[in-house]
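For reference, each letter of the sequence shown is one residue, going 0 to 354 in numbering that gives the first Met the number 0. For glycine and all other residues, C-beta sits at the position ideal for the given N, C-alpha and C. Being a predicted model, the structure only gives us computed values, none of them experimental. Inspection log for the structure reproduced underneath, given as structure tokens.
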Amino acid sequence: MPADELTPVQRAASYLRSLDIDGQSWITGVAINGLLAEGGDESVERAKHLVDTAVATQNDAGQLSYGPSYPIEVFSHGREYEASWELTVKKCMNTNNSTAIGHGVLDFYDRTGEERYLDAAERAYESLLSFERTEDGGIPHHDPELAGIKSLWIDSVYMMCPFLARYGEAAGDDDAFDEAVEQILIHAAHLRDDHTGLFRHIWVEQPNHYPQGAFWARGNGWAAAASADVLERLPEDHPKRDDLLDLFRSHCEALLPLQDGSGFWHNLVDDPHTPLESSGTLMFAYAFARGIDLGILDEETYRQPAEDGLAAVSRVVGDEGAVNRVAGPPGGPEAPLTDTPYGQGWFLMAAAALD
Numbered sequence: 000m001p002a003d004e005l006t007p008v009q010r011a012a013s014y015l016r017s018l019d020i021d022g023q024s025w026i027t028g029v030a031i032n033g034l035l036a037e038g039g040d041e042s043v044e045r046a047k048h049l050v051d052t053a054v055a056t057q058n059d060a061g062q063l064s065y066g067p068s069y070p071i072e073v074f075s076h077g078r079e080y081e082a083s084w085e086l087t088v089k090k091c092m093n094t095n096n097s098t099a100i101g102h103g104v105l106d107f108y109d110r111t112g113e114e115r116y117l118d119a120a121e122r123a124y125e126s127l128l129s130f131e132r133t134e135d136g137g138i139p140h141h142d143p144e145l146a147g148i149k150s151l152w153i154d155s156v157y158m159m160c161p162f163l164a165r166y167g168e169a170a171g172d173d174d175a176f177d178e179a180v181e182q183i184l185i186h187a188a189h190l191r192d193d194h195t196g197l198f199r200h201i202w203v204e205q206p207n208h209y210p211q212g213a214f215w216a217r218g219n220g221w222a223a224a225a226s227a228d229v230l231e232r233l234p235e236d237h238p239k240r241d242d243l244l245d246l247f248r249s250h251c252e253a254l255l256p257l258q259d260g261s262g263f264w265h266n267l268v269d270d271p272h273t274p275l276e277s278s279g280t281l282m283f284a285y286a287f288a289r290g291i292d293l294g295i296l297d298e299e300t301y302r303q304p305a306e307d308g309l310a311a312v313s314r315v316v317g318d319e320g321a322v323n324r325v326a327g328p329p330g331g332p333e334a335p336l337t338d339t340p341y342g343q344g345w346f347l348m349a350a351a352a353l354d
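Written as structure tokens, this is what we have:
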């Protein structure tokens, strides 16, 4: 079919399938989730290649896709983004980013029943549990032994928690369900602002401070999407389900009035002087749609904002299928807008959730 006859979803999926993203840790994980959400034969085949490569290159510590990555990454156009904040951990390896791929690994376990996928997921699960934690049990974003500090990043709740819940379901492991909820709640205890209901980016345990404390769109998207995905699989009688449900609902309520009239949210969701940004917008649309489907958000309140968000981003999908206006990695207040594989993935996930 000629490119000009393809829908934005078809163009975005085709563009994502064409990208070389083997071994890009969490970026690969989000891309896999997007391809599986789109669900066409070519997308599933491409996702399987990415998953199989991640499993084949799982390191001795159990981390998928060649092991841990670094927080400062390089854009597709080749320019390294110099963050506006400095951390002593910026050259230290992530503990948990590769488990973003674990969701896809378990998807192919469901599809095929092949034990190699469950075995790989079990090793990734055990790897997560092996790291030294904060005093209240949070799994740090970086290996504390290398970093010299323990820091919690809001990114981690999406990298870890949906995987933990899905592993609990696949392996019949109640401890994994407990861990999925506990990590969201611990991260929220440190990163959620009581006054606004929004999430900050990074908290460091000692000395107790926020090196990145802005209410960043994608950071809030990680929290909202992770909560929705965990609630989908968490047993109805789990003792902390209501705590997570209250957190998710209050977070969505805080986000709702911050949507711009265009349908987008801003890169800093509470600052209308920052750019309109695609990835956070898509993640909020996804979380709202999943909440409606799960019967935990009111459809009359949340359906139209979710549809408006997806429609807004659809207007910035280029002719080749690139989803534009995505804050590049590692994000934060000054991240330039570009297109990224995770932007493609979130567009496909939001579109599928609202289909």
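Cβ-based burial, T300 [other Cβ within 10 Å; buried from 16]: Result: exposed.
Exposure of E37, with buried meaning 16 or more beta-carbon neighbours within 10 Å: That one is buried.
Cβ pair A30, P328 closer than 7 angstroms: Pairing A30 with P328 gives a Cβ-Cβ distance that is not under 7 angstroms.
L127 - partner residues in DSSP beta bridges: BP columns for L127 are empty, so no partner.
A305 to V156 span [Cα, whole Å]: When only Cα atoms are considered, A305 and V156 end up about 22 angstroms apart.
In DSSP terms, what L336 is bridged to: Partner(s): A326.
As assigned by DSSP and simplified to three states, the class of L35: Here DSSP, grouped into helix, strand and coil, assigns L35 to helix.
Simplified DSSP state of S24, which is helix, strand or coil: Here S24 sits in coil by DSSP.
Runs of alpha helix (DSSP H) lying entirely within the segment 178 to 250, each at least 4 residues, in chain order: Taken in chain order, the unbroken stretches of alpha helix (DSSP H) that lie wholly in the segment 178 to 250 and span 4 residues or more are 216 to 232.
Among G136, M158, F130 and E134, nearest to A146 - alpha-carbon criterion: Comparing Cα-Cα distances from A146 to each of G136, M158, F130 and E134, the minimum goes to F130.
Simplified DSSP state of W345, which is helix, strand or coil: In this structure, W345 counts as helix in the three-state DSSP scheme.
Rounded distance between the beta-carbons of T280 and V312, thought under 8 angstroms: Contact between V312 and T280 holds, with the beta-carbon distance rounding to 6 angstroms and staying under 8 angstroms.
Cβ contact (3+ pairs, closer than 8 angstroms) linking the segment 260 to 274 and the segment 174 to 191: These segments do not touch.
Cβ pair D154, W221 closer than 7 angstroms: Their beta carbons are under 7 angstroms apart, which means D154 touches W221 by this criterion.
Other residues of its chain near E125: CB distance less than 7 angstroms, five sequence neighbours each side excluded: So the qualifying residues of the chain are G61.
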